[in-house]
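Colleague: Dumping the structure here so I can ask a few things about it.
Residue numbers (the UniProt record's numbering), protein chains in the order written: chain A, 1 to 386; chain C, 1 to 321.
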């Protein structure tokens, strides 16, 4: 099956066809609710990448999605499905808020390092219980991580409305603002010549996300541990036979995954909001699933897919503003369709494309027109549900 | 806690466990046939929206119920196509369906009603109403048993009784009919069923569609009986709780009823005692709300003993390796 088609088709052509299908169905939904999908697409792209203002938000969202996408990807390599990104990122935000509120950092760089560490530890801790339950008790990690999302949400409401609430914040549950000293340099501070406005949310965490992507690549493909994680993901019995401990791999993969989700808070809580608010994650944990699936769990793919979803998020906000008939939840629909087509219906595209490549390859080699055997070696490949 | 409070608590437990029970039985059929379904949540949500929307358009709750079942069936079919025909990952398909329902219900709801993702308030014939069972009033005077009959057992919507009747029916279908035997076999050893000349694909589609119908009824109950209209994200994790109940029940119908009643009781308890004082300290309301989710984790952690899922669960069936 692996040599049925060239590698570029596997990593580029199929995701692009999947994405095109998802966007097409989204367009049909937009048309069905009585709006013009082409107009919506124009506003979306223009709003996301048509100005420095748009780019600032697009890359800010992309930064969040790089973290959560990498997180889901690392877990995927160990064949773990981490849907708990929302909760882990929320806890990461708590870690950032605690370390920045209760310690006086003389300079933002020290604060940044502390926030990265705290967010990673808190995110990893929130992933640790589901991971341990999966490894030792066989509890289904998908259900436990979803439950931990609900529990995290209740916990954050409690902490923000009862414990960390600043008096006189106007009733909205949020912490005090972080000190001015730990304000992260924004894109405006770093590169004002690029035309970013003073209020752009894009900040130095973008580079942290890039480093995280590099780190994940090194971990998965250049270390012994990464090899073990991938081996475990390919075949648990084989890994077991090779002396790899499933508990160790599940724990490590999920802790790294939770830590990466938590680090999202460095961008969203420390970089943008500069205080901890209710629902600081805003669905980014879930977007990570679509990003990891589209990016084929590879850091480069994750970067590209995160950029795509950054465009969708920022552009989607503009569309909602310009066309009131299309609500923000349209992004969730697109996200769902991307997950559906790239993740669950992958074979629907893969089977015909594979057959196409096989028939093209076969032509010069086997000139006989009547070949009784099946071309793909898979008799069901041509079956398509009506 | 006096008797009256306790009776009210049981009454509300039964009310709240109904959607869980229907979703749990839905999952039972699907998983017994070897198709994992974490999309119960999405199917319920889609049905809740569609039933409320159509009931408010037509003024008939029964047409609404049918529309809700229809919406749920469409998503069930998507899950079937992805996981049976195209042998995709069943977990990913379920997640996609949950997101799809969560997004589409608001997008379409906003386009149809422009009420911020809600549907108009349902009243009159566009809702399910409580039924008084025969002799509920005259029997009330009998000590203990009278109030139990007339206050706890009587006075629910028809769907509550339907869901309770579904328990023995599911048991009978799964364990006493040829179809049920084959359906269970397809979840344990599909190759054997195939060898016997029975269609694995057909059986699995049948299971997925039954699951769709039951989720549809559960969703319609949420929007047209438990509440009077659709609210964004109103399924609130019930699909996942139903899955946990299914595992707790070890994929058996009667045990599923017990597990769902337990979760219903927990929710009723949390609703009633929003502020609870325990050992002199206030228990935060958020803890009470998170209680069912925490119990799910405890159950999955093995509180109920080891649960062994159907052996071929989650694996697509490939004829001729």
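Ideal placement from N, C-alpha and C gives every residue a C-beta, glycine not left out. Source: prediction; values computed, not measured.
How big is the Cα-Cα spacing for residue 126 of chain C and residue 50 of chain C?
Modeller: 13 Å
Colleague: Please name the residue in A/253, A/231, A/252 whose C-alpha comes closest to that of residue 243 of chain A.
Modeller: Comparing Cα positions, the closest option is A/231.
Colleague: With 7 Å set as the bound, which would you pick, yes or no: does the beta-carbon of residue 354 of chain A sit closer than that to a beta-carbon of chain C?
Modeller: no
Colleague: Could you tell me which chain C residues have their CB closer than 7 Å to the CB of residue 140 of chain A, listed as they occur along the chain?
Modeller: 300
Colleague: Within the continuous beta strand (DSSP E) that includes residue 282 of chain C, where are the two ends?
Modeller: 281 to 283
Colleague: Can a CB atom of chain C be found closer than 7 Å to the CB of residue 80 of chain A?
Modeller: no
Colleague: Give the straight-line distance between the Cα atoms of residue 76 of chain C and residue 29 of chain C, rounded to the nearest whole angstrom.
Modeller: 12 Å
Colleague: In chain A, which residues lie less than 8 Å from residue 240 of chain C when you measure between Cβ atoms?
Modeller: 143, 146, 147
Colleague: Is it buried or exposed, residue 312 of chain C, if we count other Cβ atoms within 10 angstroms and call 16 or more buried?
Modeller: buried
Colleague: Classify residue 308 of chain A as helix, strand or coil using the three-state DSSP reduction.
Modeller: helix
Colleague: Would you check if the segment 51 to 58 of chain C and the segment 235 to 245 of chain C touch, i.e. whether three or more CB-CB distances between them fall below 8 Å?
Modeller: Under the three-pair Cβ rule at 8 Å, the segment 235 to 245 of chain C does not count as touching the segment 51 to 58 of chain C.
Colleague: Compare the Cα-Cα distances from residue 129 of chain C to each of C/103, C/86, C/221 and report the closest residue.
Modeller: C/221
Colleague: Check residue 246 of chain C in the structure and name its three-state DSSP category.
Modeller: helix
Colleague: Using beta carbons (cut-off 7 Å, strictly below), is residue 270 of chain A in contact with chain C?
Modeller: It does not: the Cβ of residue 270 of chain A has no partner Cβ on chain C nearer than 7 Å.
Colleague: Using DSSP with H/G/I as helix, E/B as strand and the rest coil, what is residue 277 of chain A?
Modeller: In the displayed model, residue 277 of chain A falls within a strand according to three-state DSSP.
Colleague: Please work out which residues of its chain come closer than 7 Å, Cβ to Cβ, to residue 20 of chain C, disregarding the five sequence neighbours upstream and downstream, and give them in chain order.
Modeller: 238, 241, 242, 245, 260, 263, 264
Colleague: Report the rounded CA-to-CA distance for residue 15 of chain C versus residue 202 of chain A, giving the unit in angstroms.
Modeller: Using only the alpha carbons, I get a separation of about 49 Å.
Colleague: Ends of the alpha helix (DSSP H) at residue 35 of chain A?
Modeller: Premise fails: residue 35 of chain A is in no alpha helix (DSSP H) and is neither H nor E.
Colleague: Could you spell out where the alpha helix (DSSP H) holding residue 79 of chain C opens and where it closes?
Modeller: 61 to 80
Colleague: If you draw a straight line from the alpha carbon of residue 7 of chain A to that of residue 322 of chain A, how long is it in whole angstroms?
Modeller: Answer to the nearest angstrom: the Cα atoms are 41 Å apart.
Colleague: Using a C-beta cutoff of 7 Å, does residue 151 of chain A count as contacting chain C?
Modeller: yes
Colleague: Does the CB of residue 212 of chain C have a neighbour CB from chain A at under 7 Å?
Modeller: no
Colleague: Taking the alpha-carbon of residue 254 of chain A as reference, which of A/348, A/141, A/208 has the nearest alpha-carbon?
Modeller: A/141
Colleague: Taking the Cβ atom as the reference point for each residue, do residue 70 of chain A and residue 212 of chain A lie within a distance shorter than 7 Å?
Modeller: yes
Colleague: If I follow the unbroken alpha helix (DSSP H) through residue 82 of chain A, where does it start and stop?
Modeller: Careful: residue 82 of chain A lies outside any alpha helix (DSSP H) and carries neither H nor E.
Colleague: Quick one, which of A/329, A/223, A/66 has its alpha-carbon nearest residue 111 of chain C's?
Modeller: A/329
Colleague: Can you tell me where the alpha helix (DSSP H) with residue 37 of chain C in it begins and where it stops?
Modeller: Premise fails: residue 37 of chain C is in no alpha helix (DSSP H) and is neither H nor E.
Colleague: I want to verify the contact list: residues of chain C whose CB lies under 8 Å from the CB of residue 95 of chain A, in sequence order.
Modeller: In chain order: nothing, as chain C lies at least about 19 Å away.
Colleague: Among residues of its own chain, excluding the 5 on either side of residue 184 of chain C, which ones have a beta-carbon nearer than 7 Å to its beta-carbon?
Modeller: Taken in chain order, the residues that qualify are 32, 174.
Colleague: Considering only their Cβ atoms, is the gap separating residue 296 of chain C from residue 147 of chain A smaller than 7 Å?
Modeller: Cβ atoms of residue 147 of chain A and residue 296 of chain C: closer than 7 Å.
Colleague: Give me the residue from C/91, C/182, C/303, C/157 with the minimum Cα distance to residue 227 of chain C.
Modeller: C/157
Colleague: Taking the CB atoms as reference points, tell me whether residue 175 of chain A and residue 42 of chain A lie closer together than 7 Å.
Modeller: no
Colleague: How should residue 134 of chain A be labelled, buried or exposed, when 16 other C-beta atoms within 10 angstroms of its C-beta is the threshold for buried?
Modeller: buried
Colleague: Out of curiosity, what's the CA-to-CA distance linking residue 40 of chain C and residue 236 of chain A?
Modeller: 28 Å
Colleague: Out of curiosity, what's the CA-to-CA distance linking residue 33 of chain A and residue 193 of chain A?
Modeller: Roughly 42 Å between the two C-alpha positions.
Colleague: What is the DSSP secondary structure of residue 199 of chain A, reduced to helix, strand or coil?
Modeller: coil
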